[in-house]
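Participant: Pasting a structure below so you can have a look.
Number of protein chains: 2
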Amino acid sequence: MAEQGVVPFAQAAQTQGGEDAIGGSLADTAYRQLRRSVLSGQRPPGSPLSVSALARDMGLSRSPVREAVQRLIHDGLATHVPHRGAQVVELDRRELMEIYEVKEPLEALASRLATARFSQADVERLEAMLVEQDRAVAGPVLAEESTLMELDRAFHSYIHRAAGNRVLCDTLAAWSSRTNLAFPSGWANPEYARLSVAEHHDIARAITSGDADEAERVTARHVRLVRTRLARWQARQAQDRAAGGVA
Amino acid sequence: MAEQGVVPFAQAAQTQGGEDAIGGSLADTAYRQLRRSVLSGQRPPGSPLSVSALARDMGLSRSPVREAVQRLIHDGLATHVPHRGAQVVELDRRELMEIYEVKEPLEALASRLATARFSQADVERLEAMLVEQDRAVAGPVLAEESTLMELDRAFHSYIHRAAGNRVLCDTLAAWSSRTNLAFPSGWANPEYARLSVAEHHDIARAITSGDADEAERVTARHVRLVRTRLARWQARQAQDRAAGGVA
DNA sequence: GCAGCCGGGATTGCATGCAGTCACCGACGC
DNA sequence: GCGTCGGTGACTGCATGCAATCCCGGCTGC
């Protein structure tokens, strides 16, 4: 049970945006650029996405930009307000919880499938990622939030790909980008970050040891815990906002 | 555990196409019309979806049709061949199996969530659906395939909505339309149809009795069995085709 | 008879024009 | 001061023009 080390999907340009490199069409380029700016927080939730304005800024016509915006809408990263144009989506708590609810069994499935297909090279790669994660949360001060998010994304994404199910992989990638959108500074909390990394160790241990049932269990647990922490963080945010609003 | 009988989502015009009725934009109308003709089998897999030709046929310009086709592509119901235009997707066995693999835990989750939220009205509605299904497979000759498919869709869709998780509901709806696309005459097999209906009874029994664990279990089992039957049916089809090809 | 080449046709992708619709803001009247 | 009305601006959605690209068929030459 181990063909190669790397699992070579087509890398789903749609869901994973392989850099702003030369994209086939202008619409692709615009899509990736917009997507990147949205996911990076450069355009925070609620930002307007006016086709005309974007076309002006990006120096091309409205057609490809319009297409790019509509793809974002379809991805759930933007919404279309009837006569106000599009804007970056503002996920409410309910929707966020819904995504985590469905992510739980699917992430668990991914880990189970990946366990059966993991090669020695995969094991080494995953362990290298864990070393990076340990380093990122080791010192008294954590690495950059964006770095932490990227490490997290890479870890889970690797398992998704290793599962060898493209539908599963694409679906989880789409959901993860949406949840990351709503979890801007959650990674700034050292406690949360370290807990996540610890849970990643549990997942990796189960997968590399070949225990599919255990991998499924600890992965589901991880998703559940992240959801709990996210809810707690959101509640705290709301509380702080309320307190700050008075002052 | 029971607010209303009906679970009122926005009905996800995107994924459920509420008839070809007056859609906001021409693009919406074109999308629904195309989607309908694809899912009904009127445009079988492999059919070309030329924007120009469709625009001519539908009596409108290329812009909205182009948008509609791209939505179909994003839905996974069509593919875009670089310089040949789009065409109705031809799902290969691998992809079909992948979809069933991910549907299993999600359908199971839907049943579990629905169990906790089912009201008395929901119970009655579900039982009415089962009566319809029984009637459809009762006689020596089954009802129309399209009728059977619609009954099946309605049954599962009702549970999805009852789960009260919109992301879950939309995702399953999208996947189901893709699998239905590849299961054209699977419902013509009386044995398969009766087995499915029997399993629906199991699911309904578990849900209405409030046993979430059991609902989850039998639902997963149902998806697994459908997948097995589909694989068997496909193998048989391939065999028949091979035999027919010789003659 | 077969291989290779070239042109016709069609298609996509992008740019742009045009009209309809609506939100926003200021002015006006009460 | 407040509510209401009208103008302005912008935006979307649709139609259409234009160039580039590529497939496919027929034709030519060997």
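Residue numbers (the numbering used here), protein chains in the order written: chain A, 215 to 461; chain B, 215 to 461.
In this text, a Cβ means the ideal position worked out from N, Cα and C, and glycines have one as well.
(1) Is it the case that the stretch 307–322 of chain B contacts the stretch 258–277 of chain B, given that we only count it when at least three CB pairs across the two stretches are under 8 Å?
(2) Hey, could you find the ends of the beta strand (DSSP E) valine 468 (chain A) is sitting in?
(3) Alpha carbon to alpha carbon, how far is alanine 235 (chain A) from glycine 273 (chain A)?
(4) To which residues of the same chain is leucine 344 (chain A) closer than 7 Å at the C-beta, ignoring the five residues directly before and after it?
(5) Could you check how far apart the C-beta atoms of arginine 455 (chain A) and glutamate 318 (chain A) are, in whole angstroms? I think they sit under 8 Å.
(6) At the level of alpha carbons, what is the spacing between threonine 361 (chain B) and glutamine 301 (chain B)?
(7) If we ignore side chains and look at the alpha-carbon of each, how far apart do arginine 349 (chain A) and tryptophan 389 (chain B) end up?
(8) Given a cut-off of 8 Å on the beta-carbon distance, is the pair alanine 434 (chain A) and alanine 322 (chain A) in contact?
(9) List the residues of chain A whose Cβ lies closer than 7 Å to the Cβ of arginine 339 (chain B), in chain order.
(10) With a threshold of 8 Å between beta-carbons, can asparagine 394 (chain B) be considered close to chain A, or not?
(11) Checking contacts by CB at 8 Å: is alanine 235 (chain A) closer than that to chain B?
(12) In chain order, which continuous runs of the beta strand (DSSP E) of length 3 or greater are located wholly inside the stretch 255–338 of chain B?
(13) I believe tyrosine 245 (chain A) touches arginine 285 (chain A) by the beta-carbon criterion, under 8 Å. Please report the beta-carbon distance rounded to the nearest angstrom.
(14) Within 10 Å of its beta-carbon, does serine 275 (chain B) have 16 or more other beta-carbons around it, so buried, or fewer, so exposed?
(15) If distances are taken between C-alpha atoms only, which option among B:Ala407, B:Ser325 and B:Glu304 comes closest to glycine 353 (chain B)?
(16) Residues of chain A with CB closer than 8 Å to the CB of leucine 320 (chain B), please, in chain order.
(17) Beta-carbon of histidine 288 (chain B) versus every beta-carbon of chain A: anything under 8 Å?
(18) I need the DSSP call for threonine 369 (chain B), collapsed to helix, strand or coil.
(19) Going by C-alpha to C-alpha distance, which of A:Glu304, A:Gly299 and A:Ala377 sits closest to glycine 290 (chain A)?
(20) Alanine 396 (chain B) by DSSP, collapsed to three states: which one?
(21) Quick check on the DSSP output: what are the complete beta strand (DSSP E) runs of length 3 or more inside the stretch 423–455 of chain B, in order along the chain?
(22) Would you say the stretch 368–381 of chain A touches the stretch 445–454 of chain A, given that touching needs at least three Cβ pairs under 8 Å?
(23) Note down the Cα distance separating proline 259 (chain A) from valine 252 (chain A), rounded to an integer number of angstroms.
(24) Using the C-alpha atoms, what's the distance from arginine 257 (chain A) back to leucine 395 (chain A)?
(25) May I ask you to list, following chain order, the residues of the stretch 359–383 of chain A that have a beta carbon less than 7 Å from some beta carbon of chain B?
(26) Could you check what DSSP says for alanine 235 (chain B) in three-state terms: helix, strand or coil?
(27) Does DSSP put leucine 356 (chain A) in a helix, a strand or coil?
(28) Along chain A, which residues have their Cβ under 7 Å away from the Cβ of leucine 291 (chain B)?
(29) Could you check the C-alpha separation between aspartate 271 (chain B) and glutamate 359 (chain A) for me, to the nearest Å?
(30) Please name the residue in B:Arg431, B:Glu315 and B:Val295 whose C-alpha comes closest to that of arginine 441 (chain B).
(31) Do you know whose CA, among A:Ala402, A:Tyr372 and A:Arg367, lies nearest threonine 393 (chain A)'s CA?
(32) Establish whether the CB of threonine 442 (chain A) and some CB of chain B are separated by less than 8 Å.
(33) Below 8 Å CB to CB, which residues in the same chain sit around threonine 422 (chain B) once its five sequence neighbours on both sides are set aside?
(34) With 16 as the cutoff for other CB atoms within 10 Å, does proline 493 (chain B) come out buried or exposed?
Facilitator: Once the coordinates are examined:
(1) The stretch 258–277 of chain B makes no contact with the stretch 307–322 of chain B; the number of CB pairs closer than 8 Å stays below 3.
(2) Nothing can be reported for residue 468 (chain A): it is not among the residues displayed for chain A, which extend from 215 to 461.
(3) In this prediction, alanine 235 (chain A) scores a pLDDT of 46, lower than 50, which makes its location untrustworthy; no coordinate-derived value is stated.
(4) Cβ neighbours of leucine 344 (chain A) beyond the five flanking positions: His414, His415 and Ala418.
(5) Taking C-beta atoms under 8 Å as the contact rule, arginine 455 (chain A) and glutamate 318 (chain A) fail to qualify, at a distance of about 28 Å.
(6) Between threonine 361 (chain B) and glutamine 301 (chain B), the C-alpha separation is close to 26 Å.
(7) Those two C-alpha atoms are separated by around 40 Å.
(8) In this structure, alanine 434 (chain A) places its C-beta atom within 8 Å of the C-beta atom of alanine 322 (chain A).
(9) Chain A residues near arginine 339 (chain B): none, gap ~23 Å exceeds 7 Å.
(10) Under the Cβ distance rule, asparagine 394 (chain B) does not count among the residues neighbouring chain A, no pair being separated by less than 8 Å.
(11) Model confidence at alanine 235 (chain A) stands at a pLDDT of 46, short of 50, so the residue's coordinates are unreliable and nothing is read from them.
(12) You should have 292–295 and 299–302.
(13) Going by Cβ atoms, the distance from tyrosine 245 (chain A) to arginine 285 (chain A) rounds to 5 Å, so yes, they are a contact pair.
(14) Exposed: under 16 other Cβ atoms inside 10 Å.
(15) Among B:Ala407, B:Ser325 and B:Glu304, the Cα nearest to that of glycine 353 (chain B) is on B:Ala407.
(16) The contacting residues are Val316, Pro319 and Leu320.
(17) Yes, because at least one Cβ of chain A sits closer than 8 Å to the Cβ of histidine 288 (chain B).
(18) Reading off the sequence, residue 369 (chain B) comes out as phenylalanine, not threonine. The three-state reading of DSSP puts phenylalanine 369 (chain B) in helix, counting H, G and I together.
(19) When the alpha-carbon of glycine 290 (chain A) is set against those of A:Glu304, A:Gly299 and A:Ala377, the nearest one is in A:Glu304.
(20) The answer is coil: DSSP assigns alanine 396 (chain B) none of H, G, I, E or B.
(21) List check, beta strand (DSSP E) in window: nothing returned.
(22) Segments in contact, no.
(23) About 8 Å.
(24) Cα to Cα, the separation comes out at about 10 Å.
(25) Cβ contacts with chain B come from Asn379, Arg380, Val381 and Leu382.
(26) Low confidence applies to alanine 235 (chain B): its pLDDT is 47, below 50, so where it sits in the model is not reliable, and the reading given next is rough at best. Coil at alanine 235 (chain B), not helix or strand.
(27) Reduced to three states, the DSSP call for leucine 356 (chain A) is coil.
(28) Simply none; closest approach about 13 Å.
(29) Each residue's alpha carbon lies about 53 Å from the other.
(30) Taking arginine 441 (chain B) as reference, the option from B:Arg431, B:Glu315 and B:Val295 with the minimal CA-CA separation is B:Glu315.
(31) Taking only the C-alpha atoms, the option nearest threonine 393 (chain A) is A:Arg367.
(32) No - not a single Cβ of chain B is within 8 Å of the one on threonine 442 (chain A).
(33) Excluding residues up to 5 positions away in sequence, Phe332, Val337, Leu340 and Glu341 lie with their Cβ nearer than 8 Å to the Cβ of threonine 422 (chain B) in the same chain.
(34) Residue 493 (chain B) is absent from the model: chain B starts at 215 and stops at 461.
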